[in-house]
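Under my numbering, the first residue of the sequence shown carries the number 951, and numbering increases by one thereafter.
Yeah, the Cβ is synthetic: ideal placement off N, Cα and C, and Gly gets one too.
Notes follow the structure.
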Amino acid sequence: MPGLTFEDVSITYSTSGRNDRGEVHAVKNVSLTLPEGGTLGIAGESGSGKSTLAMSVLRLLPKNAKITGRVAVGDTDISDLSFGQMRALRWAEASIIFQGAMHSLNPVQTVGAQITEALALHVTDKWKTAQLRQDRVKELLTLVDMPADKTASYPHELSGGQKQRVMIAMALACEPDIIIADEPTTALDVIVQKQILDMIAKLVSERGISMLMISHDLSVLATACDQIAIMRYGEVIEVGDAREVCLNPKEEYSQKLAAAFPVIGDTESRMRPVTRHGDQPEDAEAKIDFADDGPKREVLLEADKLNVTYTSSGFKVRAVKDVDLTLHRGEIIALVGQSGSGKSTLARALLALQDTDGGEVRFAGEKLPAGGRELKAFRKKAQLVFQDPSAALNPKLSVYESIAEGLRIHRYQGDEAEAVAQALTDAELTPPERYFGAIPQELSGGQRQRVVIAGALALGPELLIADEPVASLDASVRGEILGLLLKLRKKLGLGALVITHDLGLAWNIADSVAVMFRGEIVEQGPTEEVLMNPQHEYTQQLLDSAPSIRAGAA
951 MPGLTFEDVS ITYSTSGRND RGEVHAVKNV SLTLPEGGTL GIAGESGSGK
1001 STLAMSVLRL LPKNAKITGR VAVGDTDISD LSFGQMRALR WAEASIIFQG
1051 AMHSLNPVQT VGAQITEALA LHVTDKWKTA QLRQDRVKEL LTLVDMPADK
1101 TASYPHELSG GQKQRVMIAM ALACEPDIII ADEPTTALDV IVQKQILDMI
1151 AKLVSERGIS MLMISHDLSV LATACDQIAI MRYGEVIEVG DAREVCLNPK
1201 EEYSQKLAAA FPVIGDTESR MRPVTRHGDQ PEDAEAKIDF ADDGPKREVL
1251 LEADKLNVTY TSSGFKVRAV KDVDLTLHRG EIIALVGQSG SGKSTLARAL
1301 LALQDTDGGE VRFAGEKLPA GGRELKAFRK KAQLVFQDPS AALNPKLSVY
1351 ESIAEGLRIH RYQGDEAEAV AQALTDAELT PPERYFGAIP QELSGGQRQR
1401 VVIAGALALG PELLIADEPV ASLDASVRGE ILGLLLKLRK KLGLGALVIT
1451 HDLGLAWNIA DSVAVMFRGE IVEQGPTEEV LMNPQHEYTQ QLLDSAPSIR
1501 AGAA
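In C-alpha cells:
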C-alpha cells in the first residue's frame, strides 16, 4: 500500500492581465512524507499553500501552475504519468474529500448517481455490473452512517453533515490507498464535526488508509492526525508529532495558531481573542456581570414566550418554542446549538424578519412594530451581520456602494462619504479611502467580513445580531473579528447576539450563553457558569463534542 512523498516541491503560478503579479510562489521547497497507513495534518491560514500542495498530488492545479521537485504516490512520480494513467490513479489509488460539499456535489444529480459515476469509470470485478454498483453505493452509504434510501436524494435535500458524509462515501468508493481531506469539517456544528472526525479516524484505522488532512484549526487536526506540519507563506516552518506541535510549538506563528482556538476554562483566553498582533489584554476588563445581582443595565432586547411554527408538506413544525431571552445594552450573548436547533429562525423573529405565532418581542421596552415607518426605524437600530460575507456582498458593487446602500435606503441626511468613512474606520479598515473603490473579490475573507460589519455600523445601530460571523475564517482573522466585536461593544455601547456552534467563541467574547436545542432554550446564564458547570445534558454533549488541542493530543 503506497504512501505519499513530497521532495523539495515548489509550485508557482504565472499571472497576467489585470491581476498580473508576475510569478506567485505558492509553495516553496516543501519536503514531507505521509507514511503507509499514517495520518499527516497540514495546518495554516488561507494563502499558506496547503491546499495547493495537496491538489498537486492529483494534478488538479490550474494550467498556470508550475511544479518543481518530486511528488510521489508510493514509488510512482506523478509527473511521469500520462493523462490516462493519472485518471486511473485518481479515485482508485488516491482520492479527495473537498471542503465545500454543497459546491462539490452536482445539484441536478442524485447522490447515488454521483457515487455510481466514479464506480463506472473505475470498474473492477467487485462492481462490474449495474446491480453490483448499486449494491456498492448502498454499502458505502451504510459505511458513513447514512440510510441506504438516501441514494435517491438530491444534495439540497440533505443536511450539511449528510452532504459531507456523501463526499466521504465518494472518496472511499474505489477503495483508494490515500485519502486527502481538505477542511472536511469547516462550518459544521460541533456534534456533526465530531461524528465526521470519528468516522474518518475509524475508517483510516480499520482499512489501513493513509490520510492527509488540511485545516486551519489545530484542534481538529489534533483529534485525527499522528503528525502535523505547519505551513506559512508556502513554506513548512514546523513539523512533528501532533502532541508536541499542538502543546509545545516551537515557532511563534505555530504558538499563535494553537492559541487562536481557546481551551474552555483557560482564564487567560477569556475575553482575549488572539490576533496576528497578539492577544488584546485591554479587552480583558470588558467582561461585565449581567447577573440578577450585578449592575442594573438597561434591557435592550427582550423575547417573551416567543413561538415560530412552519408548515411543511402539510405538517406543522415548531421551530421556536416558548423562548424567553433578555439582552442588556452593552451585553454580548452567545446563542449556541447545533444546525437545525432554531438559532437562525429565532434571530429572524427578533428582527421582525420572520412571522411569529405567539409571544412578544420588545426593543428598549417597546413592542416591535408590525410594519410601516416604525418597523423601518427599528431596523435601523438593529442590524444583522451575515455568516458568509462573500454571499452578503454584491460582487458588482464597490465597498463604498455596499456601505452607502443602507444609508440611502434610510435616507441619511448627513454627509454620506463621511458616514461611510467612519463606518470603515469603526470596522478597522483604515485608511477608509483606500477601500472605497475595492470590490469584494479584491479583499481577503477577513476584510470582506469587516465590510459587512461596517455596512451594519453605518446606520448607528444599538444592536447587532451576528450569524456565525467567523465560521469559515482563518485563525488570526477570526481573533481580529472577535476582538472587533469586543471593541465595538466598549466604544459604541452595542448589544450583540452572536449565533454560533463554536463554544470557544462563546468563551472568548460572550458575557452570557444561551443554549438552544430543538427550538427551546434549555440553559442560559453567565458564560463561566454555563460552560464550566453545565446543568443540561445537551450542553454537556456540546462541550464533549468540541475539539480540543489538549484532549485531542493527549
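When rounded, the separation of the alpha-carbon atoms in Val1116 and Val1061 is 7 Å.
The beta carbon of Lys1088 lies closer than 7 Å to those of Ala1098, Thr1101 in the same chain, with the five residues before and after it left out. Asp1132 is classed as buried because its beta carbon has at least 16 other beta carbons within 10 Å across all chains shown. For secondary structure counted as the alpha helix (DSSP H) over 4 or more consecutive residues, the segment 963 to 1021 holds these complete runs in sequence order: 1000 to 1005. As summarised for the segment 1319 to 1373, the continuous alpha helix (DSSP H) elements at least 4 residues long and confined to that stretch are 1322 to 1331, 1339 to 1342, 1349 to 1359, given in chain order. In chain order, Ala1354, Leu1357 place their CB closer than 7 Å to the CB of Glu1366, counting only its own chain and leaving out the 5 sequence neighbours on each side. The three-state secondary structure of Arg1220, taken from DSSP, is coil. Between His975 and Gly1190, the gap from beta carbon to beta carbon reaches 9 Å or more.
If you look at Phe1033, you'll find it in the alpha helix (DSSP H) that goes 1033 to 1042. For Leu1435, the closest C-alpha among the options Ser1426, Ala1460, Gln1288, Gly1454 is that of Ala1460. Non-local C-beta neighbours of Pro1390 in its own chain, meaning closer than 6 Å and more than five positions away in sequence, comprise Leu1343, Pro1345, Arg1398, ordered along the chain. Straight-line spacing of the CA atoms in Ile1141 and Gln1490 works out to 11 Å. Around the beta-carbon of Met1181, 16 or more other beta-carbon atoms lie within 10 Å, marking it buried. Pro1012 counts as exposed, since fewer than 16 other beta carbons sit within 10 angstroms of its beta carbon. If you compare the alpha carbons of Gln1333, Leu1438, Ala1404, Val1023 with that of Leu1413, the shortest gap goes to Gln1333. Here Ile1130 has Ala1004, Ile1046, Leu1162 as same chain residues with Cβ atoms under 6 Å from its own Cβ, once five neighbours each way along the sequence are excluded. Per DSSP, the beta-bridge partners of Gly1475 are Val1463.
The criterion of a C-beta distance shorter than 9 Å is satisfied by Val1370 and Ala1408.
Sixteen is the threshold: when 16 or more other Cβ atoms of the shown chains lie within 10 Å of the Cβ of Lys1000, as they do, the residue is buried.
By the C-beta density criterion, Gln1035 is exposed, having fewer than 16 other C-beta atoms within 10 angstroms. Annotated three-state conformation of Lys1078 is coil, per DSSP.
Cβ-Cβ distances below 7 Å link Gly1443 to Arg1279, Gly1280 in the same chain, with the five nearest sequence neighbours on each side left out; the list follows chain order. Separation of Leu1069 and Val1213 (C-alpha to C-alpha, rounded to the nearest whole angstrom) is 43 Å. Only buried fits Leu1453, as 16 or more other CB atoms lie within 10 angstroms of its CB.
Counting only the Cα atoms, Lys1076 lies some 42 Å from Asp1338. Remark: fewer than three beta-carbon pairs, one from each stretch, lie closer than 8 Å, so the segment 1263 to 1273 and the segment 1313 to 1324 are not flagged as touching. Shown here, Thr1306 sits in coil according to DSSP, grouped into three states, outside any helix or strand. If you draw a straight line from the Cα of Val959 to the Cα of Val980, it is about 5 Å long. C-alpha of Ala1464 to C-alpha of His1053: approximately 32 Å in a straight line.
Lys1016 and Ile961 have their C-alpha atoms spaced approximately 5 Å apart. Beta-bridge analysis with DSSP links Lys1317 to Arg1312. Taken through DSSP and simplified to helix, strand or coil, Gly1111 comes out as helix. Judged by DSSP in its simplified three-state form, Gln1059 adopts coil rather than helix or strand. Shown here, Glu957 sits in a strand according to DSSP, grouped into three states. Out of Lys1255, Leu1301, Gln1288, the CA that lies nearest to the CA of Glu1310 is found in Lys1255.
Counting only runs of 4 or more residues that sit fully inside the segment 1364 to 1436, the alpha helix (DSSP H) segments are 1366 to 1376, 1395 to 1407, in chain order.
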